[in-house]
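Those letters in the sequence shown? Residues -31 to -1, 1 to 187, by mature numbering (1 follows the signal peptide of the UniProt record, and there is no 0).
By construction, the Cβ of each residue, glycine as well, lies at the ideal position given by its N, Cα and C atoms.
The structure presented is a predicted model; accordingly, all values stated were derived computationally and were not measured.
What follows is a short report on a single structure.
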Amino acid sequence: MLHFFFFKGNVMIKKSLIVSSLLLSSIALQAQTTMCFKENHKDMITIENTRLDGGACAGNKSAKDMKSEGWMVDDIKITPTSNGSNYIYIFKKESGLQNVSEEELMDKLYKKLENEKKAKEEKAKQDLFVANSKAGEALYTSKCANCHGDKGELRAKGVSKPLNTLDHNEFQHAIKAYNNGERNSVMSILMKPYAGSMDYQDIKNVYTYLKSINSEKN
C-alpha cells in the first residue's frame, strides 16, 4: 500500500516527500511499500527507536518496530535543518527479502551525512572561488588589464613576465617585491603605486580571476 502525506512546514521536506512518492511508484506492485518521516530530530543515534509519523508508522511505530514486523528499510533520506534533521524512511515488505540490520542502517546513515557534508564543503569552496574571482575581475580590469592584457598574457612595458604564467607564490612575491624594495628600477616606479594599494586578499582575488579566465575553454 502506498501512502502520501503532505503537510505544512518545511518546504524542503515537502519536495522530498513528492520525490520519494514518485520513486515509490516505480517499485514492483507485488511489494508492499510505505513511507514514514520524522521532522527536526536532533540525535541520529536515537532515530532508530523514535516513533515515526506518516504511513504505516502513523506516529506509533519506530523503524525498529517496523523491522520487527517484517518491513525492510529500502531507503532513507536525511535533510539537515536548523533544528536537527528531517528523516524520510521508505519501508518495503516483500517475501524473500532480508531485513537491514541496525548496524547496516547506522552505516548507511553515517555515509549519507558524510556525503552531504562533503557536498556542502565543495559548494562553499566553489562559492568562495566565484566571489574572489568577481572581486578580482573588478580590480584587474580597472587597474591592470591596460598594461598586462585582458588575460594577463602581455609582458607589461615589454619587461615583466606575463601574469598568466605565474603560480600563486610567484604572483604574490612579484607584487610584494615592489613594496619591499626588491624592485626599484625605473619601470618599477610605474607599478609601485598599484602594488602598494593591494593587500593579501586583493592579490588572491586577482590571481583567482586570472586563473579562472585562463582555464576557460575557448
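Top-ranked residue by Cα proximity to residue i, from the options
i: N138; options: G39, T177, S166; result: T177
i: residue 252; options: F60, D76, N29, G121; result: The requested residue 252 does not occur in the structure, where the chain is confined to residues -31 to 187.
i: K11; options: A(-1), G24, I47; result: I47
i: G165; options: I144, Y56, K81, T50; result: I144
i: Q1; options: T19, S51, D34, K62; result: K62
i: C113; options: D44, Y163, E38, P49; result: Y163
i: N18; options: L135, M160, N153, K36; result: K36
i: M156; options: T3, G23, C116; result: C116
Length of the line joining the Cα atoms of residue i and residue j
i: I182; j: G150; result: 31 Å
i: L21; j: G105; result: 50 Å
i: I59; j: Q170; result: 48 Å
i: S31; j: K86; result: 26 Å
i: Y147; j: E90; result: 36 Å
i: N101; j: K94; result: 11 Å
i: K7; j: G53; result: 10 Å
i: L97; j: I16; result: 35 Å
i: V128; j: Y109; result: 19 Å
i: D119; j: I158; result: 22 Å
i: T50; j: N9; result: 7 Å
i: G28; j: W40; result: 16 Å
i: C26; j: K80; result: 25 Å
i: P131; j: Q141; result: 14 Å
i: A107; j: S154; result: 28 Å
i: D136; j: N84; result: 32 Å
i: E122; j: A88; result: 35 Å
i: C5; j: V99; result: 39 Å
i: I172; j: R124; result: 18 Å
i: G23; j: K92; result: 33 Å
i: E38; j: I45; result: 18 Å
i: S111; j: V175; result: 11 Å
i: residue 189; j: M160; result: Because the chain in this structure spans residues -31 to 187, residue 189 falls outside the shown range and cannot be described.
i: T3; j: K103; result: 48 Å
i: E184; j: Y56; result: The identity of residue 184 in the sequence shown is Ser, whereas the question assumes Glu. Spanning the two alpha carbons is a distance of roughly 41 Å.
i: E72; j: K33; result: 12 Å
Whole-number beta carbon distance between residue j and residue i, since they are thought to touch under 8 Å
i: L78; j: V42; result: About 10 Å; that fails the 8 Å criterion.
i: N133; j: L179; result: 6 Å
Check: residue i C-beta below 7 Å from any heavy atom of the ligand COA
i: Y109; result: The ligand COA is not part of this structure, which contains no ligands at all.
DSSP beta-bridge partners of residue i
i: K46; result: I57
i: L179; result: L179 is not bridged to any residue.
i: C5; result: Y58
i: L21; result: K30
i: M41; result: K61
Which full runs of the beta strand (DSSP E) of 3+ residues lie inside the segment 90 to 166, going along the chain? none
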